[in-house]
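Same order as they appear, the protein sequences are chains A and B.
Just so you know, we're using this note's numbering here: the first sequence kicks off at 10 and counts up by one.
Just so you know, we're using this note's numbering here: the second sequence kicks off at 4 and counts up by one.
A virtual CB, placed ideally from N, CA and C, is assigned to each residue, including glycine.
As the structure is a computational prediction, the values presented were derived from the model and not from experiment.
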Amino acid sequence: MGDRLKRLVAAGILLLLSIILMSGIYQKWIPRKEKKLTIGVFAGSYWDIENGYYYRILDDAIAKFRREFPEYEVTYTSGILKSDYSEWLAEKLLQGDVPDLFFVPGDDIPTFADIGALRPLTNLITLDREFDPGAFYSSAYLSGQENGVQVALPYECAPNMMFVNKTILDREGIPLPDPDWTWEDFLAICGKVTRSTDGTGVINQYGVSGYSWEDAFSTNGVELFDEEGRSCDFTTPRIGEAISFLERLQAGNSGYNVSGRDFSNGNVAFQPMMFSEYRAYKSRELSLKKYSGFEWECITMPAGPSGDNFSRLDTLYVALSSRTSQEEAAWELMKILTSEKEIQKEIFDYSEGISPLVDVTESEETADMILEGTGTAFNMDTLHRAMEKSVTPPRFAGYEDAREQVSIAVRSILDSNSNVQMEQIIWNRTINNYLKTRR
Amino acid sequence: MSDRSLELYQDNKTQDFTSILQAPGLIFLEMKVLNLLILFFITIISLHALRGYTMDGSALHFLIGAGSVPAYSWKLPLCVAALCICLLLLLSVPCNNHPELVVKIVIEYGIILGICTLTGFGYTGIVMLLLADTMRYRIDWKKRIIYIVAICIAYLAMSGNKMYSLPHVIPLSQMWAYYRQDVRNSLLSVLDMLSLLNTMIFILYMVVMTLSQTSEKERILRLNSQLQMANRKLEEYAQEQVRMTETRERNRLAREIHDTLGHSLTGIITGIEACIMLMDIAPEATKEQLRAIAEVARNGITDVRHSVNALRPDALETLSLESAIRKLVEESEKSTGVKIDLVFPENLQNLDQDEEDVLYRIVQESITNAIRHGKATHIDVRMERVDNDLRIRIADNGKGCDNIQSGFGLHHMQERIDMLKGTLSYSGKDGFVIEAVVPIRVEAEEES
């Protein structure tokens, strides 16, 4: 019996040991001599615009954090390109040394949340009385949720807006559209400006370039996929409306494929763009490079009949690693990065996005700064309106591929002459089949 | 709570059956080693693949496909090894009863689930170890089938695709997707082959286990019959002992009778001789002497009565011969289940005590012999009076005896009958038959 007991005890100890090892709890038990926080961050701007202030805001945030918690040492690996960043993070996950705190591009939230790399923030948020979720633009804040659980906080964001070539509109005698303009207004203006300006009869001035089905779908309130991306409803009348609208828009160009280059050459009246681009190219340093031959402005997106002037929002998030052993400290640093006004203000200095904090973005100071930066009298109301009516496009692991399927469907429907509704039903089946077999 | 039905088959180390009894143990060991090898193989390949993903820069792609982060580098082999050792230790722990066994199987299954989670459910044959372990116990077939069915259901549950939807499970094929299609296929087929080998060893184990369990049963049966034989001999010895004690006691009593009777008779004879001489000289003194002699004779008789009473069979003390014999027959039937037919003559009364004793003893001894030695199921006891002879014939349907060895019983019977001047004959040809003829003292009958 003694032998039996010994074996049982040994087995029990081993079992306990392996459970501890697998769950990773042991990391919290090991007392650390130096308190260390690591941050995962990429080099350069999230908005793909080289500005030279790679780590400025982060360094300031770290400095502020160190003032409050001097016992902590905070490090980050510099020089990881944005294009390599997600892969770098994945490798760190596989190797088991994920940073305690890391930036997550909006598209990667579902991926990292699905594999359980992001620590749910629910209890940290409820326990922390200082933290106020209401300080964020709700769209930006809520998009940090995955399956109803907050897993990331917005760090900076940018809505997509409609860029207008004011020179063309002035020349054609058309006033700048209202902020609550519609597809019909949009079509009317496009119709007016699409013509030959040099008298040759060959059309060389166009209405719009780069207006995608996603723009049309989002401004018409289309909800294409379910939460997990397992099914898709492609048959709704809203989609029918959007496709008809795109058809009419395309017909206006009389078959010519208008490109972004046409817009930068000053031959196109409208082009949807991220607000970050507006800020980048309006700023004095870069204004000579692009869009220099004409006056331009950014306004809200035109609303569809069943939707509103919705802007799609792109957001860069900060998330906690689910394996962090320095939860409290990492959360404090995360709060400094995302909800400390002083730090968030710097986004307008050193980045091209805007702060997801309502107070920061809508402050006088910010308006002055944008005014000073762009040199034009930008109507801040337009930005506020866009932020308030911003929507985050659906996201789930494998969204890119699903989107590609929809792109093919829309393109195919636009190219064919058959009944749109019939085509919708056919493609609905195809896309759903794809989603079902995807995983 | 100890349940003796749950013993391990292997724990009996006897000389003659060693080889077949140890074979299942050896095969079980082989199975364990093979399973460890398979898990080692899976772990090594998985580790290499995981390393490969990070080297090739396809970690993100892998993670998206996998849907969860696998245990990283050193953790994976460590956890698998710890769980394997844990499982082996548990397998080596014997159980004493069914609740213990059930708890053990459940815990072991949990550990196996853990190992399979870590190894992406690429190999689920470890469950066969559980099955093999359970087969080592002496469990009756009903319960055994319940165990087998339960474990098989658990095994089937593991083999389905369902397990892939568990959290933290990355299918092995996904984990090995790092390799080129053909390389991965050959790796998976190696795994399949090893798994098949495991199944074959398991089947061999089951066959050998069944064989060893049958031989074990035979051995137990043989031991059992030996034990029964020894037991029977012991019983016989005990009964013989009782009889010998009785005989000794009888002899002692006989001596006593002789002594008291001899003493009285000697006194009487001496007294009578004195009386003969005194009779003419002193008639009064002779009378006195004769009175004394009468006293001695009376005392003698009293003594003899006492001694004889000590010799009498209990039944005869209180009952008549017929009642005593009927009672004897009835009791024998009741206690042994043997059918005994009794014919008792009507014209047999007023026998002397010693005659009654001898008749009773003959019947008693014969019935006892028929049951004990002859294994008879039917005994026929027939007593009849022919003129002045009493004929007793006791026949049984037992196995009889070709070479009769006159043992204690027959010897005593002979002695007793000799005392009454009777004759005894017996034969063991067809069952066992004892015939005795005892002359009856007619005078005594006429006198009364």
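| request: Look at the alpha carbon of threonine 84 of chain A and the alpha carbon of phenylalanine 51 of chain A, and state the distance between them as a whole number of angstroms. | output: If you number the first sequence from 1, residue 84 of chain A lands on position 75. If you number the first sequence from 1, residue 51 of chain A lands on position 42. Rounded to the nearest angstrom, the two C-alpha atoms are 13 Å apart.
| query | Given that glycine 401 of chain B touches chain A, what residues does it touch there, using C-beta distances under 7 Å? | reply | Locating residue 401 of chain B in the second sequence gives position 398, counting from the first residue. What glycine 401 of chain B touches in chain A: nothing, since even the nearest Cβ is about 52 Å away.
| Limits of the unbroken alpha helix (DSSP H) element including methionine 396 of chain A | In the first sequence, residue 396 of chain A corresponds to position 387, counting from 1. 389-397 is the extent of the alpha helix (DSSP H) around methionine 396 of chain A.
| request: Would you check if the stretch 158-171 of chain B and the stretch 434-446 of chain A touch, i.e. whether three or more CB-CB distances between them fall below 8 Å? | output: Touching, no.
| task | Can you have a look at lysine 290 of chain B and say buried or exposed, based on whether 16 or more other CB atoms are within 10 angstroms of its CB? | result | Start at 1 with the first residue of the second sequence, and residue 290 of chain B comes out as number 287. That one is exposed.
| request: Under 8 Å by Cβ, that's how I've got glycine 216 of chain A and glycine 269 of chain A pegged, so tell me the actual separation to the nearest angstrom. | output: Within the first sequence, the letter at position 207 stands for residue 216 of chain A. Within the first sequence, the letter at position 260 stands for residue 269 of chain A. The pair is not a contact, with the Cβ atoms about 14 Å apart (cut-off 8 Å).
| request: Report yes or no: is there a C-beta of chain B within less than 7 Å of the C-beta of tyrosine 95 of chain A? | output: For the purposes of this step, residue 95 of chain A is taken as residue 86 along the first sequence, with counting starting at 1. Per the sequence presented here, residue 95 of chain A reads as serine, with tyrosine not at that position. Under the 7 Å criterion on CB atoms, serine 95 of chain A is classed as interfacial with respect to chain B.
| field | CA-to-CA distance, valine 83 of chain B to leucine 121 of chain B, given in whole angstroms | value | As a first step, residue 121 of chain B must be located in the second sequence, where it is residue number 118. As a first step, residue 83 of chain B must be located in the second sequence, where it is residue number 80. Approximately 7 Å between the Cα atoms of the pair.
| query | glutamine 414 of chain A: buried (16+ other C-beta within 10 angstroms of its C-beta) or exposed? | reply | Here residue 414 of chain A corresponds to residue number 405 of the first sequence, with the count starting at 1. The residue is buried, with at least 16 neighbouring Cβ atoms inside 10 Å.
| query | Do the stretch 170-190 of chain A and the stretch 308-320 of chain A meet, that is, are 3 or more Cβ pairs less than 8 Å apart? | reply | yes
| message | Can you confirm whether methionine 31 of chain A, when its beta carbon is compared against all beta carbons of chain B, has any partner nearer than 7 Å? | response | Taking the first residue of the first sequence as 1, we reach residue 31 of chain A at position 22. At least one chain B Cβ lies under 7 Å of methionine 31 of chain A.
| said: Could you tell me the alpha carbon to alpha carbon distance between methionine 389 of chain A and glutamate 371 of chain A, rounded to whole angstroms? | reply: Along the first sequence, one-based indexing puts residue 389 of chain A at 380. Along the first sequence, one-based indexing puts residue 371 of chain A at 362. So the alpha carbons of these two residues sit roughly 8 Å apart.
| Delimiting residues of the beta strand (DSSP E) encompassing serine 430 of chain B | Here the question's residue 430 of chain B lines up with position 427 in the second sequence. Its beta strand (DSSP E) spans residues 426-430.
| query | So the beta strand (DSSP E) threonine 324 of chain A belongs to, where does it begin and stop? | reply | Taking the first residue of the first sequence as 1, we reach residue 324 of chain A at position 315. Where threonine 324 of chain A is concerned, the enclosing beta strand (DSSP E) stretches over 320-329.
| field | Cα-Cα separation, leucine 322 of chain B to methionine 232 of chain B | value | Position 319 of the second sequence, counted from the first residue, corresponds to residue 322 of chain B. Position 229 of the second sequence, counted from the first residue, corresponds to residue 232 of chain B. Distance between the alpha carbons of leucine 322 of chain B and methionine 232 of chain B is about 38 Å.
| said: If you reduce the DSSP assignment to three classes, tell me which class histidine 64 of chain B lands in. | reply: By one-based count along the second sequence, residue 64 of chain B stands at place 61. The answer is helix: DSSP assigns histidine 64 of chain B an H, G or I state.
| request: Answer yes or no: do valine 299 of chain B and leucine 345 of chain B have a C-beta to C-beta separation smaller than 7 Å? | output: Start at 1 with the first residue of the second sequence, and residue 299 of chain B comes out as number 296. Start at 1 with the first residue of the second sequence, and residue 345 of chain B comes out as number 342. The answer is no: Cβ separation not under 7 Å.
| said: Using CA atoms only, rank isn't needed, just tell me which of B:Leu29, B:Leu200, B:Ala373 is closest to cysteine 404 of chain B. | reply: Sequence index remark: in the second sequence, residue 404 of chain B carries index 401 (1-based). Of the candidates B:Leu29, B:Leu200, B:Ala373, the one whose C-alpha sits nearest the C-alpha of cysteine 404 of chain B is B:Ala373.
| task | Would you mind sorting alanine 69 of chain B into buried or exposed? The rule is 16 or more other CB atoms within 10 Å of its CB. | result | Numbered from its first residue, the second sequence carries residue 69 of chain B at position 66. So alanine 69 of chain B counts as buried.
| query | Do you know whose CA, among B:Lys330, B:Arg419, B:Ile397, B:Asn100, lies nearest aspartate 360 of chain B's CA? | reply | Working through the second sequence from its first residue, we reach residue 360 of chain B at position 357. That would be B:Arg419, whose Cα lies nearest to the Cα of aspartate 360 of chain B.
| said: I want to see whether chain B comes within less than 7 Å of threonine 120 of chain A, judged by CB atoms only; does it? | reply: Reading the first sequence from its first residue, position 111 is the one you call residue 120 of chain A. Chain B has a Cβ within less than 7 Å of the Cβ of threonine 120 of chain A.
| field | Counterpart residues of threonine 84 of chain A in DSSP-defined beta bridges | value | One-based indexing of the first sequence puts residue 84 of chain A at position 75. According to DSSP, threonine 84 of chain A bridges with A:Thr47.
| At what residues does the beta strand (DSSP E) containing glycine 216 of chain A begin and finish? | Position 207 of the first sequence, counted from the start, is the residue given in the question as residue 216 of chain A. Taken as a continuous stretch (DSSP letters only), the beta strand (DSSP E) holding glycine 216 of chain A covers 215-217.
| field | At least 3 beta-carbon pairs within less than 8 Å: the stretch 426-439 of chain B vs the stretch 389-402 of chain B | value | yes
| Closer than 9 Å, Cβ to any Cβ of chain B: which residues of the stretch 107-141 of chain A, in chain order? | Val107, Asp117, Thr120, Phe121, Asp123, Ile124, Gly125, Ala126
| chain A residues whose Cβ lies nearer than 8 Å to that of cysteine 82 of chain B | Taking the second sequence and counting its residues from 1, one reaches residue 82 of chain B at position 79. Those within 8 Å of cysteine 82 of chain B in chain A are Ser27, Leu30, Met31.
| task | Please state whether DSSP places glutamate 450 of chain B in a helix, a strand or coil. | result | For the purposes of this step, residue 450 of chain B is taken as the residue at position 447 of the second sequence. For glutamate 450 of chain B, the predicted structure reports a pLDDT of 44, less than 50, and the residue's modelled location is therefore unreliable. The matter cannot be settled from this model.
| When burial is assigned at 16 or more other CB atoms within 10 Å of the CB, is asparagine 227 of chain B buried or exposed? | Along the second sequence, read from residue 1 onward, the residue named residue 227 of chain B stands at position 224. It counts as exposed.
| request: Note down, one range per segment and in chain order, each alpha helix (DSSP H) of at least 4 residues found wholly within the stretch 209-291 of chain A. | output: Contiguous alpha helix (DSSP H) elements confined to the stretch 209-291 of chain A occur at 222-228, 246-261, 269-273, 284-291, taking only those with 4 or more residues.
| request: Please confirm if cysteine 87 of chain B has its CB atom under 7 Å from at least one CB of chain A. | output: Taking the second sequence and counting its residues from 1, one reaches residue 87 of chain B at position 84. Output row for cysteine 87 of chain B: interface = no.
| query | Which stretch, first to last residue, makes up the alpha helix (DSSP H) that contains tyrosine 359 of chain A? | reply | Working through the first sequence from its first residue, we reach residue 359 of chain A at position 350. Taken as a continuous stretch (DSSP letters only), the alpha helix (DSSP H) holding tyrosine 359 of chain A covers 350-359.
| field | Alpha carbon of methionine 283 of chain A to alpha carbon of serine 221 of chain A, nearest angstrom | value | Against the first sequence, residue 283 of chain A aligns to sequence position 274. Against the first sequence, residue 221 of chain A aligns to sequence position 212. Rounded to the nearest angstrom, the two C-alpha atoms are 13 Å apart.
| query | Would you call arginine 388 of chain B buried or exposed, if buried means 16 or more other Cβ atoms sit within 10 Å of its Cβ? | reply | What you label residue 388 of chain B is simply residue 385 of the second sequence in a count that begins at 1. Arginine 388 of chain B is exposed by the Cβ-count criterion.
| message | On the DSSP letters alone, give me the boundaries of the beta strand (DSSP E) that tyrosine 163 of chain A sits inside. | response | As a first step, residue 163 of chain A must be located in the first sequence, where it is residue number 154. Looking at the sequence shown, residue 163 of chain A is not tyrosine but proline. 161-174 is the span of the beta strand (DSSP E), which, as asked, contains proline 163 of chain A.
| field | Buried or exposed by the 16-neighbour rule on C-beta atoms within 10 Å, applied to tryptophan 77 of chain B | value | Taking the second sequence and counting its residues from 1, the one referred to as residue 77 of chain B is at position 74. So tryptophan 77 of chain B ends up on the exposed side.
| message | Looking at the secondary structure, which residues open and close the alpha helix (DSSP H) in which tryptophan 436 of chain A lies? | response | As a working mapping, residue 436 of chain A is identified with position 427 in the first sequence. 429-447 is the span of the alpha helix (DSSP H), which, as asked, contains tryptophan 436 of chain A.
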